[in-house]
Amino acid sequence: EFEVFKSLEWCLFYIAAVVVFSTHMCLGWQKAVPAPSLDIPKRYHNKAIHVGYVMTAFIALIYISFPVYTHLWPMSPGAISPEAPLP
């Protein structure tokens with residue numbers, strides 16, 4: 004992963020993919036909350052939608068943090084020796 008995300012282009016592509024997925028998740032959640040099968044009372048729909056947005060943003064930030072970290076800081080040897088570089 005450290006070799007892949009050393010490239011800024013791959014980092015930006017990955018982050019863009021996470022943003023697209025998060026947008027898709029938010030739009031889908033907005034449509035799913037009013038569904039009768041979830042049985043959420045109508046007065047809580049707005050709150051449930053916003054809770055879903057917050058949870059989606061939190062998960063998206065976790066996914067985005069990995070390529071940002073691997074791009075900005077080199078891999079430290081730690082307990083496992085680094086892999087040989089790819090040709």
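Sequential numbering from 4 applies to the sequence shown in this note's numbering.
Where a beta carbon is used, it is the ideal one built from N, C-alpha and C, also for glycine.
Setting aside the 5 residues that flank it on each side, Ser25 is surrounded in the same chain by Thr59, Ala63, each with a C-beta closer than 6 Å to its C-beta; the list follows chain order.
About 4 Å separates the CB atoms of Thr73 and Phe8; that is less than 8 Å, so the two are in contact. Between the beta-carbon of Val21 and that of Tyr66 there is about 5 Å, and that keeps the pair under the 8 Å contact cut.
Per DSSP, the continuous alpha helix (DSSP H) segment holding Ser25 begins and ends at 11–35.
If you draw a straight line from the Cα of Lys34 to the Cα of Ile52, it comes to about 9 Å.
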